[in-house]
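So the structure is just underneath, and the comments pick up after that.
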Amino acid sequence: MTVHDLVAEPSDVAAAALGYRIGVTPERDALVSTVLAHPTHDVALRLSILGASHAVTLVIDGRDAMTEEVSCRATAAGGAPLPAEMSCPGPWGVHHLRGATETLPAGPFVELVNRLTALAAADPAVLAGRFPGAEGALTVVAPTPDDAGWSWDTWHLYPADDPAGRGGGDV
Numbered sequence: 001m002t003v004h005d006l007v008a009e010p011s012d013v014a015a016a017a018l019g020y021r022i023g024v025t026p027e028r029d030a031l032v033s034t035v036l037a038h039p040t041h042d043v044a045l046r047l048s049i050l051g052a053s054h055a056v057t058l059v060i061d062g063r064d065a066m067t068e069e070v071s072c073r074a075t076a077a078g079g080a081p082l083p084a085e086m087s088c089p090g091p092w093g094v095h096h097l098r099g100a101t102e103t104l105p106a107g108p109f110v111e112l113v114n115r116l117t118a119l120a121a122a123d124p125a126v127l128a129g130r131f132p133g134a135e136g137a138l139t140v141v142a143p144t145p146d147d148a149g150w151s152w153d154t155w156h157l158y159p160a161d162d163p164a165g166r167g168g169g170d171v
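According to the UniProt record's numbering, the sequence shown is numbered sequentially starting from 1.
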């Protein structure tokens, strides 16, 4: 099972404040992480859950090649507000990011929490973290290996009246 009940209070609590940074700097303050080997390429992914946010690090030949961080503190670390879509070329290839926020009524929000929790419980490659406090505070990173490398989808769920942040990347 890859659903982790975390004891740390989430440091990111607003989808509208999510930012994005990409670089080779390793993820900061990971609460939980896992490394996945690609089935056909010598490329791995390290998935990390931060304070209600995530980092995905591309590892090539045992070295960190690129880290994507989506968090509320990313802009303060030299990143930018979360875009709808952008591409970042680098020596590893091209990193594509797409992001959106959506406010859900209580019923659909609970359905999304249940669907993502079930996905993480059923798929050992999916990393999910539940945060204490509000029911439904959840961060999920779901990677998929493909012929070109990796792609992943992420969800940052903030209960109450705040939207859910959703994104995805591939490299």
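Just so you know, even glycine gets a beta-carbon here, dropped at the ideal spot from N, CA and C.
Option nearest residue i by Cα separation, candidates the options
{"i": "residue 243", "options": "P81, H156, A80, T144", "result": "Only positions 1 to 171 of the chain appear in this structure, which leaves residue 243 out of reach."}
{"i": "G79", "options": "G23, A121, V140", "result": "G23"}
{"i": "V126", "options": "A106, R98, R115, A134", "result": "R115"}
{"i": "S53", "options": "D146, A8, P108, H96", "result": "A8"}
{"i": "A17", "options": "T75, T154, T25, A122", "result": "T75"}
{"i": "P105", "options": "L157, D147, S48", "result": "L157"}
{"i": "V35", "options": "S11, I60, T25, G90", "result": "I60"}
{"i": "V32", "options": "S48, P108, D64, W150", "result": "S48"}
{"i": "E135", "options": "A160, D146, W152", "result": "A160"}
{"i": "V94", "options": "G149, V70, A100, E102", "result": "G149"}
{"i": "A100", "options": "M86, E111, P132, G51", "result": "M86"}
{"i": "L6", "options": "R98, P132, W155, R28", "result": "P132"}
{"i": "P124", "options": "P81, V140, V110, E111", "result": "V140"}
Helix, strand or coil at residue i according to DSSP, with G and I counted as helix
{"i": "V113", "result": "helix"}
{"i": "P91", "result": "coil"}
{"i": "G136", "result": "coil"}
{"i": "A142", "result": "strand"}
{"i": "G149", "result": "coil"}
{"i": "A100", "result": "strand"}
{"i": "A84", "result": "coil"}
{"i": "A128", "result": "strand"}
{"i": "W155", "result": "strand"}
{"i": "A120", "result": "helix"}
{"i": "A106", "result": "helix"}
Status (buried if at least 16 other CB within 10 Å, exposed otherwise) for residue i
{"i": "V171", "result": "Annotation note: pLDDT 37 at V171 (below 50); position unreliable, no value reported."}
{"i": "V113", "result": "buried"}
{"i": "V56", "result": "buried"}
{"i": "G83", "result": "In the sequence as presented, Gly is not what sits at residue 83; that position holds Pro. So P83 counts as exposed."}
{"i": "G169", "result": "The predicted model places G169 with a pLDDT of 46, which falls under 50 and marks its position as unreliable; any figure quoted below should be read in that light. Burial call: buried."}
{"i": "G129", "result": "buried"}
{"i": "A142", "result": "buried"}
task = Jot down the residue ranges of each uninterrupted beta strand (DSSP E) in the region 4-82, minimum 3 residues, whole runs only, in chain order.
result = 19-23, 32-37, 43-49, 54-60, 63-71
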